[in-house]
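Residue numbers (the numbering used here), protein chains in the order written: chain A, 33 to 310; chain B, 3 to 223; chain C, 82 to 338; chain D, 313 to 530. All C-beta atoms, glycine included, are put in the ideal place defined by N, C-alpha and C. Notes follow the structure.
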Amino acid sequence: MKNILLTLALFAALVGAAHAEDTLAKIKASGKITVATEAAFKPFEYVEDGKIIGFGSDLLSEFSKDLGVQVEQLDLPFQGILTGLAAKQYDLVATSVTPNAERAKNYAFSRPFAAIENTIVVPSDDDTIKQLSDLNGVLVGTQLGSSTDAVARQMNDELKAQGGSGFSDLRLFQSYPDTAFNLQSGQVDAIIVPSITAAEFMRTSPDAFKIKFTYGKPAYLSWVTRPEDKTLLEALNSTINRLIASGKIAEMQKKWVGVNSATPENGYLPDNAVQLRQ
Amino acid sequence: MKYILSGIETVPLLLDGLLTTLAICGLASILAIAGAVVIVAARRSHQRWITAVAMLYVTLMRGLPIVILVFLLYFGIPALLDLGRISAFWVGILALAMNGAAFQSEVLRGAIASLPKGQMEGSHALGLNRFQMWRLVLVPQVLPVALPALAGEIGFLIKASPVLSLITVVDLTRRSQQVTMQTFDPLGPLLAAGALYFLLIGTIGWMSRMLEARLTVGKSR
Amino acid sequence: MLSLVAQSPSPVDTNVAVSIRDVSKWFGAFQVLENINLEVRVGERIVIAGPSGSGKSTMIRCLNGLERHQKGKILVNGTELSENRKKIDTVRKEVGMVFQHFNLFPHLTILENCTLAPMWVKNADRRQAEGIAAYFLEKVRIADQAHKYPGQLSGGQQQRVAIARALCMKPKVLLFDEPTSALDPEMVREVLDTMVSLAKDGMTMLCVTHEMGFARQVADRVIFMDGGQIIEENTPSEFFANPQHERAKAFLSQIIH
Amino acid sequence: MIDLLSNYGVIILRGFLWTIILVTGGFAIGSVFGAVLAILLVSKQKLLNWLARSYVELIRNTPFLIQAMLLFALFGIMRMRLEPLLVGLIAIAIYSAAYMAEIIRGGLASVSDGQREGARALAIGPFLEFRLIILPQLLPFVLPASVNLLATLCKESAFLAGVSVAELTFSGQVVITQTFLVFEVWAVIGALYLVLVLSVMAAAKRLEKKMTWLIPGR
Numbered sequence: 033m034k035n036i037l038l039t040l041a042l043f044a045a046l047v048g049a050a051h052a053e054d055t056l057a058k059i060k061a062s063g064k065i066t067v068a069t070e071a072a073f074k075p076f077e078y079v080e081d082g083k084i085i086g087f088g089s090d091l092l093s094e095f096s097k098d099l100g101v102q103v104e105q106l107d108l109p110f111q112g113i114l115t116g117l118a119a120k121q122y123d124l125v126a127t128s129v130t131p132n133a134e135r136a137k138n139y140a141f142s143r144p145f146a147a148i149e150n151t152i153v154v155p156s157d158d159d160t161i162k163q164l165s166d167l168n169g170v171l172v173g174t175q176l177g178s179s180t181d182a183v184a185r186q187m188n189d190e191l192k193a194q195g196g197s198g199f200s201d202l203r204l205f206q207s208y209p210d211t212a213f214n215l216q217s218g219q220v221d222a223i224i225v226p227s228i229t230a231a232e233f234m235r236t237s238p239d240a241f242k243i244k245f246t247y248g249k250p251a252y253l254s255w256v257t258r259p260e261d262k263t264l265l266e267a268l269n270s271t272i273n274r275l276i277a278s279g280k281i282a283e284m285q286k287k288w289v290g291v292n293s294a295t296p297e298n299g300y301l302p303d304n305a306v307q308l309r310q
Numbered sequence: 003m004k005y006i007l008s009g010i011e012t013v014p015l016l017l018d019g020l021l022t023t024l025a026i027c028g029l030a031s032i033l034a035i036a037g038a039v040v041i042v043a044a045r046r047s048h049q050r051w052i053t054a055v056a057m058l059y060v061t062l063m064r065g066l067p068i069v070i071l072v073f074l075l076y077f078g079i080p081a082l083l084d085l086g087r088i089s090a091f092w093v094g095i096l097a098l099a100m101n102g103a104a105f106q107s108e109v110l111r112g113a114i115a116s117l118p119k120g121q122m123e124g125s126h127a128l129g130l131n132r133f134q135m136w137r138l139v140l141v142p143q144v145l146p147v148a149l150p151a152l153a154g155e156i157g158f159l160i161k162a163s164p165v166l167s168l169i170t171v172v173d174l175t176r177r178s179q180q181v182t183m184q185t186f187d188p189l190g191p192l193l194a195a196g197a198l199y200f201l202l203i204g205t206i207g208w209m210s211r212m213l214e215a216r217l218t219v220g221k222s223r
Numbered sequence: 082m083l084s085l086v087a088q089s090p091s092p093v094d095t096n097v098a099v100s101i102r103d104v105s106k107w108f109g110a111f112q113v114l115e116n117i118n119l120e121v122r123v124g125e126r127i128v129i130a131g132p133s134g135s136g137k138s139t140m141i142r143c144l145n146g147l148e149r150h151q152k153g154k155i156l157v158n159g160t161e162l163s164e165n166r167k168k169i170d171t172v173r174k175e176v177g178m179v180f181q182h183f184n185l186f187p188h189l190t191i192l193e194n195c196t197l198a199p200m201w202v203k204n205a206d207r208r209q210a211e212g213i214a215a216y217f218l219e220k221v222r223i224a225d226q227a228h229k230y231p232g233q234l235s236g237g238q239q240q241r242v243a244i245a246r247a248l249c250m251k252p253k254v255l256l257f258d259e260p261t262s263a264l265d266p267e268m269v270r271e272v273l274d275t276m277v278s279l280a281k282d283g284m285t286m287l288c289v290t291h292e293m294g295f296a297r298q299v300a301d302r303v304i305f306m307d308g309g310q311i312i313e314e315n316t317p318s319e320f321f322a323n324p325q326h327e328r329a330k331a332f333l334s335q336i337i338h
Numbered sequence: 313m314i315d316l317l318s319n320y321g322v323i324i325l326r327g328f329l330w331t332i333i334l335v336t337g338g339f340a341i342g343s344v345f346g347a348v349l350a351i352l353l354v355s356k357q358k359l360l361n362w363l364a365r366s367y368v369e370l371i372r373n374t375p376f377l378i379q380a381m382l383l384f385a386l387f388g389i390m391r392m393r394l395e396p397l398l399v400g401l402i403a404i405a406i407y408s409a410a411y412m413a414e415i416i417r418g419g420l421a422s423v424s425d426g427q428r429e430g431a432r433a434l435a436i437g438p439f440l441e442f443r444l445i446i447l448p449q450l451l452p453f454v455l456p457a458s459v460n461l462l463a464t465l466c467k468e469s470a471f472l473a474g475v476s477v478a479e480l481t482f483s484g485q486v487v488i489t490q491t492f493l494v495f496e497v498w499a500v501i502g503a504l505y506l507v508l509v510l511s512v513m514a515a516a517k518r519l520e521k522k523m524t525w526l527i528p529g530r
């Protein structure tokens with residue numbers, strides 16, 4: 033183990049990391065911002081013809097224009113994305129993340145640029161699932177480590193609190209498209225996904241799915257920085273504020289999502305959020 | 003059948019992923035062989051602790067899944083040591099090389115062990131120094147034995163490389179997943195990626211067999 | 082009982098151990114045996130000689146069904162060798178074979194090598210099988226090694242064990258396929274001595290060998306083969322002193338210096 | 313670290329157990345299938361031989377992760393609902409069968425034709441020939457090699473996390489999404505794999521030593 037650490041330390045030294053200074057200053061000095069994206073969240077960030085596009089890409093180009101820097105964009109699976117940020121492998125998580133209690137303990141969130149709801153999606157031929165209580169004994173799927181992962185567990189707890197049996201099982205997949213494939217192929221009975229994802233599924237294969245109901249409060253979509261990178265977060269928020277004020281965000285929502293959703297400047301964070309305590 | 007057709011259509015979309023896989027495996031192989039030589043040298047060292055460290059390293063690498071090694075290197079250790087940004091591409095190469103070096107050092111050790119004892123004694127008797135002995139006498143004999151097996155190890159390296167799709171690297175595997183998410187075709191891109199891997203690994207295996215056949219020609223048995 | 086018509090013995094003639102009639106065999110398009118005719122009487126000792134590739138090994142391997150002949154008839158102790166498994170097994174139980182490379186079973190002790198077939202094939206009980214094995218191991222003068230493994234013995238010792246193993250099945254005929262050609266020179270003698278003593282006991286033997294001294298000493302007849310045919314058949318003294326055939330002469334001049 | 317183990321130890325332990333079940337179960341099924349394949353590999357039946365050879369080459373020349381993904385996609389297309397753990401087990405069985413087939417084939421090839429002839433000349437029938445002569449000589453070769461294969465399977469099975477099979481690595485991912493203790497979790501998971509793999513490898517080594525006396529020629 034010592035050997036690995038030594039090798040790695042050496043390696044990291046080679047790659048070069050000056051992590052004492054302010055991240056925003058460093059970005060500006062190097063002329064490059066490195067962001068991580070999970071490009072499997074249509075229409076916010078996804079890959080088409082080998083390129084990452086979507087709502088987030090438009091926002092990212094606005095942000096980098098404001099900063100006057102180049103973008104290096106990494107594509108990685110969602111469960112690694114926040115921990116990679118903590119490990120300083122990139123400056124910013126430029127992928128849609130919902131500020132929930134678990135995450136807000138460790139990460140700072142930008143002003144949201146869209147609102148989503150937790151929707152329950154079933155195959156189009158299913159007539160049995162109409163409301164929450166119908167999910168008792170049902171095999172439910174969602175994405176591992178996503179906001180809906182936490183929501184799903186909350187739903188299950190609520191079902192049991194009401195005296196139901198709860199889900200027959202909660203199956204966790206590596207990405208949202210994975211949940212859709214598995215719903216389509218009958219591997220699960222229902223999936224819990226963000227409304228935007230559900231709309232996207234409906235667009236891609238309109239005959240396969242039905243959106244049944246929504247659960248809980250609307251959730252917001254933000255980008256994420258390390259809590260100590262206040263200057264970077266402020267820069268990002270000022271870009272988002274500018275775009276909201278000019279109506280550009282609404283335009284982008286229309287273009288990519290198809291519907292508009294308002295997002296607040298404050299109050300989108302859970303009470304325990306680390307950035308509120310600073 | 004329909005998926006085979008869609009898979010064939012997918013192939014051009016996967017080529018940049020294939021290139022990344024090739025680049026990673028190529029670089030990792032070179033590093034692995036260099037690392038293997040260092041490990042073998044360490045294991046032959048007269049300093050007991052160097053030998054012990056080398057052995058411990060090989061044991062660790064043989065016991066740890068490459069998936070966990072990559073997660074530790076990419077997520078775990080940077081978080082622990084508060085390292086700055088590290089590149090998934092290079093971490094991937096490092097992980098494959100670290101793993102490959104351990105296995106290839108075993109191949110080299112085996113090849114060296116297969117040399118007749120008299121070769122070293124003969125070299126000493128002729129007054130060759132250590133370096134000359136290795137360069138002039140031993141290496142030319144070790145290489146033909148070790149090369150085919152080392153080439154085979156590169157095949158293993160390629161088979162392990164999809165692990166990098168689990169971190170940021172857009173290699174052949176991740177590229178095929180991206181295409182799947184884009185086209186909602188659950189099988190075609192995977193079949194295409196599988197076929198490309200098969201061709202790649204099969205070619206390496208074929209080359210290693212050719213090499214073996216060529217190198218054993220003219221050797222008296 | 083003595084057959085009056087020696088030229089065409091009936092299948093039940095108990096004096097005939099092996100009868101080969103018009104046997105031919107091909108490996109693909111290549112003919113390895115061509116119209117072989119040979120009759121071996123009980124107690125006879127035959128040495129088969131010939132250059133390599135002459136078909137001599139193939140011929141004796143046909144006698145216990147290790148190779149199948151494609152034309153003609155082979156009778157061993159009155160049983161005709163055919164595709165019939167039962168008949169092949171009947172023949173194999175009565176015919177022992179000693180191979181060039183011994184083919185001892187490396188995972189079994191010497192004793193176990195000798196008792197394996199009697200116990201599993203002839204259903205002898207262990208004590209009985211071990212008694213027989215001990216007798217024959219004594220006969221090949223290797224009884225003291227009974228609990229060793231083949232890998233611990235010299236080549237000559239291994240070959241003597243192989244002979245004992247074949248004898249333990251109480252065969253009526255023993256086939257030897259170049260039994261000494263894989264041995265170091267100093268070990269050839271001990272194996273040949275064993276074979277000579279077997280011959281003296283009256284065992285019916287067919288030996289493919291280049292050991293011409295052995296042929297002179299024990300053979301009733303020498304068969305010379307070339308190109309898949311029996312070219313010459315003679316008493317040893319006649320064969321060595323006065324070979325009839327050119328190819329036999331050439332062969333003898335090569336192996337006798 | 314203690315917090316991690318007391319709160320999430322159950323999840324990790326469950327993953328560990330599932331890894332063991334997946335690997336041993338898949339290995340057991342794969343061994344049976346591999347033995348059949350090995351027989352086909354040495355058979356003279358051209359078509360069957362070719363099919364077995366193709367299977368072995370396909371599996372041995374593609375990454376396990378791709379095979380697992382394909383298997384999940386195939387079950388999906390057929391609309392068969394199977395427990396992901398079961399699909400993972402099948403994936404390991406499919407994978408190990410190919411390697412097992414090669415191990416057994418190699419073992420069969422290591423028993424010389426002379427051994428078979430020796431048996432035949434003693435009128436030992438095909439069944440007894442296999443049981444008494446071939447098998448005992450096969451085992452010293454096949455057993456250590458297959459236990460080594462088992463160790464490899466333990467490591468390869470970590471790839472199953474990539475297809476959402478709830479084995480040890482996946483359980484690590486689950487715990488991390490809830491705790492963000494990245495290094496600690498992967499260190500614990502890594503240690504568990506090390507213990508598992510190294511003890512299986514040690515068993516293989518012991519088996520090898522124990523069985524050397526059986527190897528011809530010594």
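### Exposure label - S237 (chain A); buried when at least 16 CB within 10 Å
exposed
### Query
Of all the options C:G153, C:N158, C:G146 and C:K174, which has the alpha carbon lying nearest to the alpha carbon of A165 (chain C)?
The sequence given here places Asn at residue 165 (chain C); Ala does not occur at that position. Out of C:G153, C:N158, C:G146 and C:K174, C:G146 has the C-alpha closest to the C-alpha of N165 (chain C).
### Message
Between which two residues does the beta strand (DSSP E) holding L202 (chain A) run?
### Response
Note, L202 (chain A): beta strand (DSSP E), D201 to F205.
### Task
Could you tell me whether any Cβ in chain D is nearer than 8 Å to the Cβ of R64 (chain B)?
yes
### Message
Distance check for F73 (chain B) and F492 (chain D), CA to CA, integer angstroms please.
### Response
13 Å
### Task
Check D189 (chain A) in the structure and name its three-state DSSP category.
helix
### Query
Is G195 (chain A) close to chain B, meaning its C-beta is less than 8 Å from at least one C-beta of that chain?
no
### Task
Measuring alpha carbon to alpha carbon, tell me which of D:L510, D:M523, D:G484 and D:E441 ends up nearest L462 (chain D).
Taking the Cα of L462 (chain D) as reference, the smallest distance to any Cα among D:L510, D:M523, D:G484 and D:E441 is reached at D:L510.
### Query
Considering only C-alpha positions, which residue in the set B:M209, B:R176 and B:S47 is nearest to A151 (chain B)?
B:M209
### Query
Since Y247 (chain A) sits in a beta bridge, which residues does DSSP pair it with?
A:N150
### Query
What is the rounded straight-line gap between the Cα of S89 (chain C) and the Cα of E120 (chain C)?
Per-residue confidence for S89 (chain C) stands at a pLDDT of 47, beneath the threshold of 50, marking its modelled position as unreliable; no derived number is given.
### Secondary structure, alpha helix (DSSP H): runs of 4+ residues fully inside the region 319-406 of chain D
Runs of the alpha helix (DSSP H) inside the region 319-406 of chain D: 358-372 and 376-389.
### Task
Assign S138 (chain C) to one of three DSSP states: helix, strand, or coil.
In this structure, S138 (chain C) counts as helix in the three-state DSSP scheme.
### Task
For the region 181-192 of chain A and the region 491-508 of chain D, state whether three or more C-beta atom pairs, one from each stretch, are separated by less than 8 Å.
no
### Task
Use the C-beta contact count for Q134 (chain B): other C-beta atoms within 10 angstroms, 16 or more gives buried, fewer gives exposed.
exposed
### Message
What does the Cβ neighbour count give for I101 (chain C), buried or exposed, with the cut at 16 atoms within 10 Å?
### Response
buried
### Task
Going by CA-CA distance only, name the one from B:R211, B:Q184 and B:G196 that's closest to N373 (chain D).
Selected option, being the one with the closest Cα: B:G196.
### Task
With DSSP as the reference, label A478 (chain D) as helix, strand or coil.
Under the three-state reduction of DSSP, A478 (chain D) is assigned to coil, being neither helix nor strand.
### Query
Can you tell which of B:I26, B:G19 and B:I10 has the C-alpha that lies nearest to the C-alpha of L174 (chain B)?
B:G19
### Where T290 (chain C) sits in the DSSP three-state scheme
coil
### Task
Compute the distance between the beta-carbons of S476 (chain D) and F205 (chain A), then report whether it is under 8 Å.
yes
### Message
So, at 6 Å on beta carbons, what are the nonlocal neighbours of A350 (chain D) in its own chain, with the 5 sequence-adjacent residues on each side left out?
### Response
The residues are A413, I416 and R417.
### Message
Can you tell me where the beta strand (DSSP E) holding Y78 (chain A) begins and where it ends?
### Response
From DSSP, the beta strand (DSSP E) with Y78 (chain A) extends over E77 to E80.
#### Entry: Interface residues of chain D facing P260 (chain C) [CB-CB closer than 7 Å]
Within chain D, no residue has its beta carbon less than 7 Å from that of P260 (chain C); the closest one is some 13 Å off.
### Query
In the DSSP assignment, what residue or residues form a beta bridge with S197 (chain A)?
In the DSSP output, where bridge partners are listed per residue, S197 (chain A) has none listed.
### Message
My output table needs one value for G252 (chain A): the three-state DSSP class, helix, strand or coil.
### Response
According to the sequence provided, residue 252 (chain A) is Tyr. The question's Gly does not apply to it. The three-state secondary structure of Y252 (chain A), taken from DSSP, is strand.
### Task
Quick one: give me the first and last residue of the beta strand (DSSP E) that Q105 (chain A) is part of.
Q102 to D107
### Message
I'd like the list of long-range same chain contacts for G232 (chain C), defined as Cβ closer than 7 Å, with 5 residues on each side in sequence excluded.
### Response
P187
### Task
Less than 8 Å between the CB atoms is what I'm expecting for D301 (chain C) and I129 (chain C), so what's the real figure, rounded?
Not confirmed; about 12 Å, so no contact.
#### Entry: Below-8 Å beta-carbon distance, R207 (chain C) vs any chain D residue
No, R207 (chain C) does not count as interfacial toward chain D.
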